[in-house]
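Report on one structure; see the data block that follows.
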Amino acid sequence: MVQLSFLSVILLSAIAETFLYGIFIVSFIVAVYLRLSKYTDRTARSGAVWNAITIPTIATFVICSAHWIIGVIRLFKGFGGSEDIRSALNFLSDPAEPLSAARSILVILNNLIGDAIIIQRLWFIWGRSLRVIIVPVLSWLGIIIAGSVVLYLLTHFGPGNISYTRAWITVGWALTTVTNIYCTACIAWKIWRTNRVTQAIGGGLLTYVLVILVESAAIWAVWAVFFAVTTQIGSLLEILATDLAPPIINLVNVLIYLRVGLGWSFAPSVDETAGVTMTTVLMLPTMSEQDDLDAVTAIPGTTNKA
1134 MVQLSFLSVI
1144 LLSAIAETFL
1154 YGIFIVSFIV
1164 AVYLRLSKYT
1174 DRTARSGAVW
1184 NAITIPTIAT
1194 FVICSAHWII
1204 GVIRLFKGFG
1214 GSEDIRSALN
1224 FLSDPAEPLS
1234 AARSILVILN
1244 NLIGDAIIIQ
1254 RLWFIWGRSL
1264 RVIIVPVLSW
1274 LGIIIAGSVV
1284 LYLLTHFGPG
1294 NISYTRAWIT
1304 VGWALTTVTN
1314 IYCTACIAWK
1324 IWRTNRVTQA
1334 IGGGLLTYVL
1344 VILVESAAIW
1354 AVWAVFFAVT
1364 TQIGSLLEIL
1374 ATDLAPPIIN
1384 LVNVLIYLRV
1394 GLGWSFAPSV
1404 DETAGVTMTT
1414 VLMLPTMSEQ
1424 DDLDAVTAIP
1434 GTTNKA
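Residue numbers for the sequence shown follow the working numbering, so the first one is 1134 and each next one is one higher.
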């Protein structure tokens, strides 16, 4: 079995993150253009940007960009500011180094916002019911605690206390798994029930929403398993799993918005069969419908590595 060196993983992580970030930035620009091009009125266009879903998405875009930029600066500082390879590796492996600590904070913030988005989506789809979000909100608060502890341990004790740090990482991973599974399952069940009603009157096109949920959740699950395995066995690939989290999470998110922008979205349309309004796949919604639609189409799977 080929043994990966720390240097190999660092370089692989930098290349992979740059590649994914490049795809993400292009996709984000196209998605923003498609979204804004649907509205000719300036007020409507402003409302399409400044709402409860797009603001967190823009925030994660800024965080993802900052994470990549700091990573590049850190890489050049490590190899350009050191006289030998050993000094460079010592610099790059120090979690308490300010640039490294900043990247860790950005990863935690990115995933907290991602989990908050799925909780908000659950709240929207369940008719703004507070009872249904009690479990994920408590889990989300636990993730904040676990992430804070991990960040403190890494910046104050470094890898010397790795077993204790890994235990808290496991706690954070378990809580974010609970949050995502619970929210995705509840959303899917609600949509499935609604779909049964629309099928009875000739609709049933909410199946497309379920497809989006399953696709996004599957991508999240692949990353979650990869991160969990590499963390528990102490593999150097944990670095790769951690560094790629922001671009992966945000890329999946923006690709879903691209599907909406290209017309693969869901909008309420009146089809009065038996006097019941059915949901059909047509076009982008009006502004009054946009927030609830975005709650469905936003990415259903993000994680927090803390």
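Glycine included, each C-beta is placed from N, C-alpha and C at the ideal position.
Between the Cα of Leu1245 and those of Ile1266, Phe1257, Ala1221, Ile1278, spot the shortest distance and give me the residue it belongs to.
Residue Ile1278 is the option with its Cα nearest to Leu1245.
Output needed for Asn1383: all residues of its chain with C-beta closer than 7 angstroms, excluding positions within five of it in sequence on either side, in chain order.
Answer for Asn1383: Phe1157, Thr1193, Phe1194, Cys1197, listed in chain order.
In terms of residues, what are the limits of the alpha helix (DSSP H) holding Phe1376?
One point to set straight first is that residue 1376 is Asp, not Phe, in the sequence displayed. Residues 1370 to 1376.
Okay, do the segment 1306 to 1323 and the segment 1249 to 1264 touch, 3+ Cβ pairs below 8 angstroms being the bar?
These segments touch.
Under 7 angstroms, do Ile1320 and Ile1372 count as touching if we go by C-beta distance?
Not in contact: Ile1320 and Ile1372 (Cβ atoms no closer than 7 angstroms).
Quick check: the segment 1198 to 1210 against the segment 1220 to 1239, are there 3 or more CB pairs under 8 angstroms?
Short answer: they touch.
Is it true that the segment 1295 to 1307 meets the segment 1343 to 1350, where meeting means three or more beta-carbon pairs spaced less than 8 angstroms apart?
No, the segment 1295 to 1307 does not touch the segment 1343 to 1350.
By the three-class DSSP mapping on this structure, what secondary structure does Ala1357 have?
Note: Ala1357 maps to helix in three-state DSSP.
Just to confirm before moving on: does the CB-CB distance between Leu1208 and Ala1147 stay below 7 angstroms?
Contact: yes.
Hey, quick one: how far does the alpha helix (DSSP H) through Gly1367 stretch, first residue to last?
No alpha helix (DSSP H) contains Gly1367, which DSSP labels as neither H nor E.
State the CB to CB distance for the pair Leu1391 and Ser1160, rounded to an integer number of angstroms; the pair is presumed to be in contact (CB under 8 angstroms).
Right, their Cβ atoms sit about 6 angstroms apart.
Considering only the beta carbon of each residue, do Leu1377 and Glu1150 sit closer than 7 angstroms?
Cβ atoms of Leu1377 and Glu1150: closer than 7 angstroms.
Quick one: what does DSSP say Asp1248 is sitting in, helix, strand or coil?
Note: Asp1248 maps to helix in three-state DSSP.
Using three-state DSSP, classify Lys1171 as helix, strand or coil.
Coil, per DSSP.
What span of residues does the alpha helix (DSSP H) with Ala1199 cover, start to end?
Counting along the chain, the alpha helix (DSSP H) containing Ala1199 begins and ends at 1187 to 1213.
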